[in-house]
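Student: Got a structure for you, written out below as structure tokens; questions coming shortly.
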Amino acid sequence: MPKRNDISSILVIGAGPIIIGQACEFDYSGTQAIKALKEEGYRVILVNSNPATIMTDPEFADATYIEPVTPEIVAKIIAKEKPDALLPTMGGQTALNCALALEEMGVLEEHGVEMIGAKADAIDKAENRQRFRDAMDKIGLESARSGVANTIEEAREIVKRTGLPSIIRPSFTLGGTGGGIAYNTQEFDRIVREGLDASPTTEVLIEESLLGWKEYEMEVVRDKADNCIIICSIENVDPMGVHTGDSITVAPALTLTDKEYQIMRNASIAVLREIGVETGGSNVQFAVNPADGRLIVIEMNPRVSRSSALASKATGFPIARVAAKLAVGYTLDEITNEITGATPASFEPTIDYVVTKIPRFAFEKFKGAEPLLATAMKSVGEVMAIGRNFQESVQKALRGLETGLDGFNRMVDLEGASKDVITAALSKRTPDRLLQVGQAFREGLSLEDIQDVTGYDPWFLRQIEGIIEAEKEVQADGLPRDAQGLRRLKSMGFSDRRLATLAVRSVGVKDGLAETQAKRSGLLHDALQAMAGATSEEEVRALRQKLGVNPVFKRIDSCAAEFEAITPYMYSTYEAPSFGEPECEADVSSAKKIVILGGGPNRIGQGIEFDYCCVHACFALAEQGYETIMVNCNPETVSTDYDTSDRLYFEPLTAEDVLEILRVEQQSGELVGVIVQFGGQTPLKLAQALEDEGIPILGTSPDAIDHAEDRERFAKLVNELGLKQPDNGIAYTRDEAAAAAARIGYPVLLRPSFVLGGRAMEIVDSEAQLDDYIKTAVNVSGDSPVLVDQYLRDAIECDVDALCDGDEVRVAGVMQHIEEAGVHSGDSACTLPPYSLPKEIIEEMERQAEALAFALKVRGLMNVQFAVKDGEVYLIEVNPRASRTVPFVAKAIGQPVAKIAARVMAGEKLADFEPFRRDLPYMAIKEAVFPFARFPGSDPVLSPEMKSTGEVMGLDCAFEPAFFKSQLGAGMILPQSGTVFVSVKNSDKVNIVPAVKDLLDCGFTVIATAGTQKYLSEQGLAVERVNKVAEGQPHIVDKIIDGEIALIFNTTEGWQSLKDSKSIRAGALEKKIPYYTTAAASRAVAASIKALEPSQLEVRSLQDYYS
Amino acid sequence: MASAPSRPAQPKGATGCLVLADGTVIWGRGFGAVGDAVGEVCFNTAMTGYQEVMTDPSYAAQIVTFTFPHIGNVGANSEDVESVVEGAVGCVVREDVTEPSNFRSLERFQEWMEKNGKIGLSGVDTRALTRRIRQSGAPNAVIAHSTDGKFDIPALIQRAQEWAGLEGMDLAVRVTRAGQEDWEGGYWRLGHGYGRAAHDATPHVVAIDYGAKDNIFRNLVRAGAKVTVVPAKTAYDDIMALKPDGVFLSNGPGDPAATGEYAVPVISKLLAADMPLFGICLGHQMLALAAGAKTIKMHQGHRGANHPVQRVGEGWGETTGMVEITSMNHGFAVDADTLPETLEQTHVSLFDGSNCGIAVKGRRAFGVQYHPEASPGPQDSFYLFEKFVGGLG
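As structure tokens, this is what we get:
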């Protein structure tokens, strides 16, 4: 059936900011969808508040609204643009919920907008627990015993029938927020209450526990002619009980016979038909009893999902692209499989490799939160790896995670532990469980022991056992000296580095002596090398090369080689030389090529912004005629879409894996260079290894980057340039740190060197706090010193993004932070242009940025952070590489900053480009989005340690509406009336007055704690007093819990006050009350509330802003 | 590929090999039965159902290269068997067979292979082999397994070269039943196993066994038929003496033209008698031959569980254009260009446009090239059994 001609314009709703449970996979799917719809000639209108997305690049949609994804705002866009149709299935749960709300509000009917892809009723049927169960009953599929409760009393009745442990799932929440597993009645009551609260419909599902059952997912696509295909089956290594987003998963399913697989296939298709998903992709989840195969349907998502992104990358089948085409009327047989170019999309991909996904966590960022996994998702990113067997696949995934693993690294805390201790560790569902399983085998636990406690399928356990056995061989005998033996190990996925570590141990010298000697040169080292085979990653590589043991590259072709693939989408494997030489399908071109190294798995501090930059580098360099080669291992990204680059290697970003790709790519054509500056810290860490191998690095040299990151070298440069830095010191011991702090004067900022995202940074006010930090947060040693900085209290922080080509420096944007210096720049709201800085200060920062760019010989992007205090500009840090703010700046000024940078790196001059627009007649505000609600027990306060997962942009003609939008986009609905609670530190008392005045003017009631109340009353403001928690009940937290508070301004100074106020923030978080922990943000909030009502907000497309 | 045959030295520990007729030797580790066997090397892209594949009589005289690297994960059981007669002679896999993990597994795949006289070879770059088959066609070869690693390679090459190949080979006589059988088996259900056929069921289908998969009969039973299976060479009169309401023509191995020498005359008579007919795979090809079309040997054949087939032509009503995902296993096909006026094309492959289904105009006779009985593979096409059985009596 041809495409529909009765519609001509389509509104696509994006997923908004990156949050846990909704990451850049929805940029990937949305971008694909928009491209697919544009190809068909439709006018595409997009709304998404996230500026760091590729989909919001102005050249993709015809009208791009960077506006909050809320029903009220989207209704305004609909009223303005009058689209014929709305595609709600590309923007995750956010888009689905928004579309449902628009339907309920009658907006769609009023404007004659048709929902395509999934109808409101189908969405509701899939999402509403009871309707879904009824539907499953109707088609004869079993669901877990359960009941739906709207009150705690109802829940208690149900659990009598379903039993404990019990699963509690709130309706309509993202990634299962608010749900959990209860083992006793007390836990049950608590989780039910949380769940009822988290659910927008105050509804939870109480369910029979299927703990320990196997979990599977099926990715299904259906077209309107009722053709249904399975794109991929996914088997979770972690059994039921861990959210699938937090589970280690493999594709395809590996422990089902065909008969069992077909039951699941039939069931998946029956589910789609019954729910009524007309067209597009859906995900159906199953639990299977490992004892008898009993199959239970868990849930289905009537939209593209994180799993469909994974399935797309795992098979090469572009689910979102196809789903978009199906939504406008095509059938599967009318769509071409672009991987083969010869076959239609109406088939089921078959693969000849094993895919492993491992989630990445960030518990270390949220002190106080227990690192336990349950039914609410906690991971912030994921890595995917491809191998020709499970062992190769899982070991590649482990090293691709970039958490310091080379494979199944030892779990030191379990070494030599008793069986009871190990069993106890394994019984907890922690992020480290896979590694603990490996350690348990090392410690002699049997497969059965481990299976009993983890519920992992014995098939996977045996594979892990095999890896540990092989490790033991190397630890005993060193490396094999023949090609066949070494190839066997490499085909099990061992990294060179892991093999080196194991081989050194074979020498049998205890207490790390061998390890120490191995690092030196000389006779001892040579003897070690002779005994072990190799003592370092480099030596293993040399040995491999001598023996001719190199990986080959195979294609991801969706058809297991049945047809020729025209799309160069590849992964590495160690293959047997079945026909003489191992067969490599890289088929390297003779073109001029540039390799772009991606950012690996998303984490806090390194997320979609860097992928955005990498994608732009691909686009820009392809336009200039280079062959672009992308290397990345994050399945959620646009960069790993097969049509983003000319050639795609889905590989871990380690020196070993990247060097092998470069070795093959250099066999033909000209490698112009590698871009390491766009993917965050990940590729930067590889720069040295690449340079050592003589690989050309494009743009700013790794030495210049080191120059900026090395404290001592940098301090010297700053001196030479006559710039001013906050006083600072470096400490290799606790005493040095204390001395430096005493010299600089408290408060000081402490942090370990070489970090991204400000991990483990803290402001300390006293020596006691300094001691606490040194003890708990870092390991101070000769290798990892601690940096001590003067902390500029109440300074204004600024970010400057600039480009340099060697001859000229151009500033793309100066951003003024709203929060004071001391809050991590990634967590601060900021404005472009600066909203309150004098021109001279801005010019001074620009002057300094220029001087730094020339001094560091920057070629490409550079980000400088400044603090302004009392009219003085302090240099905080320089990063001569792509920064987190690049996409925000590009969206704000309407110019492709990252693209221009990539071209400058490839040799073009800035003079060839239009100057950057600096005089903006509007205000762009970036606001960060935080996952505190996911980490009960952690303190939701901003600090020098980055904690946000994503960002939104508020764009409007003036500060107040733009700020309002930024809050709305970030999920903070600013109240229009009610009671405001104010409690601020002494130094903020002056600063908070305007905010309180504004709110009183708007009719708010203001209450404050004693000190604040006293001060404000003295200023003639009508403020009532409320007890602090320590002052006894009724106190402020009582009021928060009782829902009496609409807004909170709470700033703290010092460690004690922070501790005392934790319960206020926790209460606010629980009750979803907007709270602000800085005076500056509080003022912005009050000003915005005063300036306008939400109904007055206007919407405007980027294209309109730019023209 | 025109490159010279590859003859690498035997690696240490190699206990198996695949010797192609062009002299290429592929080394690996042997498993299953010891010895050697000759056949045509094909590849199958299904990710599940290796036991069903290995017991499918259509794979007689074939060595199956599984493209999915892990084979044997779910062991072997007594249910996932498609026939007790000869199936594939061996298989080539990427990974060494692991210990099984599945609640239905009764034994290790290696042991099951050994018991069934099938030779396995692991440690091979099966993707490279598959690509070679895609590029140069399915080679004749010998698969060999020797526990001491001793092989007479020149003799094995000679054996591969001397083997006549599948073209012109009537393999149905080798794998058909010796005698008539009242089919007893019903449909498989999880937790219940196979059901039993109802003795009083009507209509009555006589199924000619050219090397049939048992699941075909089970599906006929499920669709409501009573099934009597007869050997490949059963005469027309003997079939009619069973008073069938319809006759089913089964799948089977080998060249349809060769088997057709004795089967086609019988089918022609059945057609002339207006007997309702349903053919699958080889049965479909011979129905086409009986109706005047021709068959051809395909370059690489279709073997997998992901093949899209579209309903075309008249007679499908609203479901014209519908796509079924099918299980396929065929190296020969009906040449669509040779269909006479009396035949209508009902299904085509969306992979390469080859014929996948025909109907005889004005008759209740039709056939499909693919395997609606699945096992292994998707069960999208069960409607064909209902269509056949429902149209009888």
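Going line by line, the protein sequences match chains A and B.
With the working numbering applied, the first sequence covers 1 to 1107.
With the working numbering applied, the second sequence covers 10001 to 10393.
For each residue, glycine too, the CB sits at the ideal point set by N, CA and C.
(1) Within 10 angstroms of the Cβ of B/V10309, are there 16 or more other Cβ atoms? Answer buried if so, exposed if not.
(2) Residues in the same chain with beta-carbon distance under 8 Å from A/I206, minus the five sequence neighbours each way, listed in chain order, please.
(3) Excluding five sequence neighbours on each side, which residues of the same chain lie with their C-beta closer than 7 Å to the C-beta of A/Q688?
(4) So which residues on chain A does B/F10103 lean against when the C-beta distance must stay under 8 Å?
(5) Does the beta-carbon of A/Y1106 have 16 or more other beta-carbons within 10 angstroms, so that it is buried, or is it exposed?
(6) Looking at the structure shown, is A/K1014 part of a helix, part of a strand, or coil, going by DSSP?
(7) What does the alpha-carbon distance come out to for the pair B/G10415 and B/L10339?
(8) Can you pull the DSSP bridge partners for B/R10196?
(9) Please identify the residue among A/S1017, A/I973 and A/G971 whose C-alpha is closest to the C-alpha of A/K989.
(10) So is B/C10017 buried or exposed if we call it buried at 16+ other beta carbons inside 10 Å?
(11) Work out the CA separation of A/R505 and A/G548 for me, nearest whole Å.
(12) Does the beta carbon of B/T10130 sit closer than 7 Å to a beta carbon anywhere in chain A?
(13) Leaving out the 5 sequence neighbours to the left and right, which residues in its chain are closer than 7 Å to B/E10052 when beta-carbon positions are compared?
(14) Could you check whether the Cβ of A/Q725 sits closer than 7 Å to any Cβ belonging to chain B?
(15) Could you say if the stretch 607 to 624 of chain A and the stretch 890 to 902 of chain A meet the contact criterion of at least three C-beta pairs nearer than 8 Å?
(16) Run down chain A in chain order and give the residues with a C-beta less than 8 Å from the C-beta of B/I10026.
(17) Within 10 Å of its beta-carbon, does A/A314 have 16 or more other beta-carbons around it, so buried, or fewer, so exposed?
(18) So the beta strand (DSSP E) A/Y874 belongs to, where does it begin and stop?
(19) Helix, strand or coil for A/M136, going by three-state DSSP, please let me know.
(20) Should B/L10121 be flagged as near chain C, meaning a C-beta pair shorter than 7 Å?
(21) Give the residues from the stretch 10176 to 10188 of chain B that approach chain A closer than 8 Å (Cβ to any Cβ), ordered along the chain.
(22) If we call anything under 7 Å between Cβ atoms a contact, is A/P940 one with A/F932?
(23) Give me the Cβ distance between B/G10246 and B/F10382, rounded to the nearest whole Å; I'm assuming they're in contact under 8 Å.
(24) Taking 8 Å as the cut-off, does the stretch 10082 to 10098 of chain B touch the stretch 10118 to 10133 of chain B (at least 3 CB pairs, one atom from each stretch)?
(25) Going along chain B in order, which residues have a C-beta closer than 9 Å to the C-beta of A/Y261?
(26) Flag B/E10114 as yes if its beta-carbon sits less than 7 Å from any beta-carbon of chain A, otherwise no.
(27) Are the CB atoms of A/I54 and A/T31 nearer to each other than 7 Å?
(28) Going by Cα to Cα distance, which pick from A/Y65, A/I7 and A/M90 is closest to A/I34?
(29) Helix, strand or coil: how does DSSP classify B/W10027 here?
(30) For a contact defined as C-beta to C-beta under 7 Å, what are the partners of A/A388 on chain B?
(31) Using a C-beta to C-beta distance shorter than 7 Å, which residues of chain B count as neighbours of A/Y353?
(32) Does the distance from the C-beta atom of A/T700 to that of A/R859 stay below 7 Å?
(33) Under the assumption that A/L770 contacts A/A802 (Cβ atoms under 8 Å), give the Cβ distance between them as a whole number of angstroms.
(34) Residues in the same chain with beta-carbon distance under 6 Å from B/P10069, minus the five sequence neighbours each way, listed in chain order, please.
(35) Run the CB neighbour count on A/T516, radius 10 Å, all protein chains shown included, and call it buried at 16 or more, exposed below.
(36) Closest Cβ-Cβ distance between B/M10001 and chain A: below 7 Å?
Tutor: In short, the structure shows the following:
(1) For this step, residue 10309 of chain B is matched to residue 309 along the second sequence. Classification for B/V10309: buried.
(2) Reading the first sequence from its first residue, position 206 is the one you call residue 206 of chain A. Cβ neighbours of A/I206 beyond the five flanking positions: S146, G147, V148, A149, A155, I158, V159, T162, S166, I167, I168 and V192.
(3) Translated into positions along the first sequence, residue 688 of chain A becomes position 688. P702, listed in sequence order.
(4) Taking the second sequence and counting its residues from 1, one reaches residue 10103 of chain B at position 103. The answer, in chain order, is P290, A291, D292 and G293.
(5) To locate residue 1106 of chain A, count along the first sequence from 1; it is residue 1106. Exposed.
(6) Position 1014 of the first sequence, counting from 1, holds the residue named residue 1014 of chain A. A/K1014 falls in the helix class under three-state DSSP.
(7) No information on residue 10415 of chain B is available, as it lies outside the stretch 10001 to 10393 that chain B covers here.
(8) Looking up residue 10196 of chain B in the second sequence gives position 196. B/G10185.
(9) The residue you call residue 989 of chain A lines up with position 989 of the first sequence. Comparing Cα positions, the closest option is A/S1017.
(10) Numbered from its first residue, the second sequence carries residue 10017 of chain B at position 17. Buried, since its Cβ has 16 or more Cβ neighbours within 10 Å.
(11) Here the question's residue 548 of chain A lines up with position 548 in the first sequence. Here the question's residue 505 of chain A lines up with position 505 in the first sequence. Approximately 25 Å between the Cα atoms of the pair.
(12) Here the question's residue 10130 of chain B lines up with position 130 in the second sequence. Answer yes: the Cβ-Cβ gap between B/T10130 and chain A drops below 7 Å somewhere.
(13) Mapped onto the second sequence, residue 10052 of chain B falls at position 52. Correct list, in chain order: D10080, E10082, S10375 and P10376.
(14) Residue mapping note: residue 725 of chain A aligns to position 725 of the first sequence, counting from 1. Judged by the 7 Å Cβ criterion, A/Q725 is not in contact with chain B.
(15) yes
(16) Within the second sequence, the letter at position 26 stands for residue 10026 of chain B. In chain order: S578 and F579.
(17) Taking the first residue of the first sequence as position 1, residue 314 of chain A is located at position 314. Counting Cβ neighbours within 10 Å, A/A314 comes out buried, since at least 16 surround it.
(18) Walking along the first sequence from the start, residue 874 of chain A turns up at place 874. Note, A/Y874: beta strand (DSSP E), E872 to N879.
(19) In the first sequence, the residue the question calls residue 136 of chain A occupies position 136. Three-state result, A/M136: helix.
(20) Chain labels in this structure do not include chain C; the protein chains are A and B.
(21) W10188
(22) The count along the first sequence starts at 1 and reaches residue 940 of chain A at position 940. The count along the first sequence starts at 1 and reaches residue 932 of chain A at position 932. Yes, these two residues count as a Cβ contact at 7 Å.
(23) Translated into positions along the second sequence, residue 10246 of chain B becomes position 246. Translated into positions along the second sequence, residue 10382 of chain B becomes position 382. Contact doesn't hold; Cβ gap of about 17 Å is too wide.
(24) yes
(25) Mapped onto the first sequence, residue 261 of chain A falls at position 261. Result: M10047, T10048, G10049 and P10376.
(26) The residue given as residue 10114 of chain B occupies position 114 in the second sequence. For B/E10114, the answer is no, since every Cβ of chain A falls outside 7 Å of its Cβ.
(27) If you number the first sequence from 1, residue 54 of chain A lands on position 54. If you number the first sequence from 1, residue 31 of chain A lands on position 31. Closer than 7 Å, so yes.
(28) One-based indexing of the first sequence puts residue 34 of chain A at position 34. Selected option, being the one with the closest Cα: A/M90.
(29) Taking the second sequence and counting its residues from 1, the one referred to as residue 10027 of chain B is at position 27. Reduced to three states, the DSSP call for B/W10027 is strand.
(30) On the first sequence, position 388 is the one that residue 388 of chain A refers to. Before going on, a small fix: residue 388 of chain A reads as Arg here, not Ala. Result: P10069 and R10094.
(31) As a first step, residue 353 of chain A is located in the first sequence; it is residue number 353 there, counting from the start. Neighbours of A/Y353 on chain B, chain order: P10069.
(32) Numbered from its first residue, the first sequence carries residue 700 of chain A at position 700. Numbered from its first residue, the first sequence carries residue 859 of chain A at position 859. Contact: yes.
(33) Taking the first sequence and counting its residues from 1, one reaches residue 770 of chain A at position 770. Taking the first sequence and counting its residues from 1, one reaches residue 802 of chain A at position 802. The pair is not a contact, with the Cβ atoms about 35 Å apart (cut-off 8 Å).
(34) The sequence position of residue 10069 of chain B within the second sequence is 69, counting from 1. Closer than 6 Å at the Cβ level, and outside the excluded window around B/P10069, lie R10094 and E10095.
(35) Here residue 516 of chain A refers to the residue found at position 516 of the first sequence. Answer is exposed; the Cβ neighbour count stays below 16.
(36) Here residue 10001 of chain B refers to the residue found at position 1 when the second sequence is read from its first residue. Any answer about B/M10001 is weak, because its pLDDT of 43 lies below 50 and its placement is not dependable; what the coordinates show is given next. Chain A contact via Cβ: absent.
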